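Reading through the structure tokens given below for one structure.
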Amino acid sequence: MKTSRIGFMIIGFIFCFMVTAVYAQAPLGTYVATTGQSSIKGKGAAAGGDDAAPKGRMKRSASTGAGAGNTITIQLASYSAKAELDQLMAVQNDPLKFLETLRTFNHGSIQVSGKSIPINMASSRSAGGKYTISILTAKPLYGSGAENVAGKGASMGMVELTVDASGNGKGLFYSQTMVGLSGTGEATAKGGGKMSKATQLTSVSKQ
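Count the sequence shown with our numbering and you get residues 95 to 301, in order.
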């Protein structure tokens, strides 16, 4: 009996550790980053689209709009509640409805190229001692407006940060991209927009 009790305690500890590792969130606050070089790989099904393939490759684009050596300031005020993520998941196959729903949420702002753009979805997960922060904006981070890609979905702004407990790390900046969204808020760039090519974010730090 004693051995069984110890076994259950060990299993319970491991389970709690795994849950904490997955759902632990990066600290809220202001993050500053510098734009660097470009990356073109992406995967996932597009939000607001009918492309259900688990993997894909972003289309090449002539420009991200962000340029290199520019400063981006992310004011992360809160994370998306499960109810918000559920609403987004429910309309993921309807591009216009997805963007319309996304616009109703606000979790901070991103300052880029002299503009302040609302953060409409934000989530965080932890693995291997690092945090990954996923951010979506209904308004493109660069450009005049959202772009709907026929048969695939709607493009939006996206930022992904990978940071340590102090908020230091790196990231990716997508001016406009289609996005695959999971029920836990994990966003994956799908590409497809005119400025879908990602720009690396270097020297990410929490202020």
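We put the CB at the ideal spot given by N, CA and C, even for glycine.
All figures in this text were calculated on a predicted structure; none of them were measured in a lab.
- If only complete runs of 3 or more residues are kept, the stretch 167-217 shows the beta strand (DSSP E) at 202-206 and 209-212, in order along the chain.
- The C-alpha of Q270 is placed about 25 Å away from the C-alpha of G261.
- For T226, the uninterrupted beta strand (DSSP E) run begins and ends at K224 to T231, by DSSP.
- Between I211 and T198 the beta-carbon gap is near 15 Å, outside 8 Å, which marks them as no contact.
- For A259, the secondary structure class from DSSP, reduced to helix, strand or coil, is coil.
- Between K284 and I213, the alpha-carbon positions lie close to 19 Å from each other.
- For L295, the uninterrupted beta strand (DSSP E) segment begins and ends at A292 to K300.
- For L235, the secondary structure class from DSSP, reduced to helix, strand or coil, is coil.
- At the C-beta level, Y125 and L255 come within 8 Å of one another.
- Per DSSP, G285 is one residue of the beta strand (DSSP E) stretching across A281 to G285.
- Of the residues assessed, G202 falls on the buried side of the cut-off, its CB having 16 or more other CB atoms within 10 angstroms.
- Residue environment analysis places K176 among the exposed positions, since fewer than 16 neighbouring C-beta atoms fall within 10 angstroms of its C-beta.
- I204 and L122 have their alpha carbons spaced roughly 14 Å apart.
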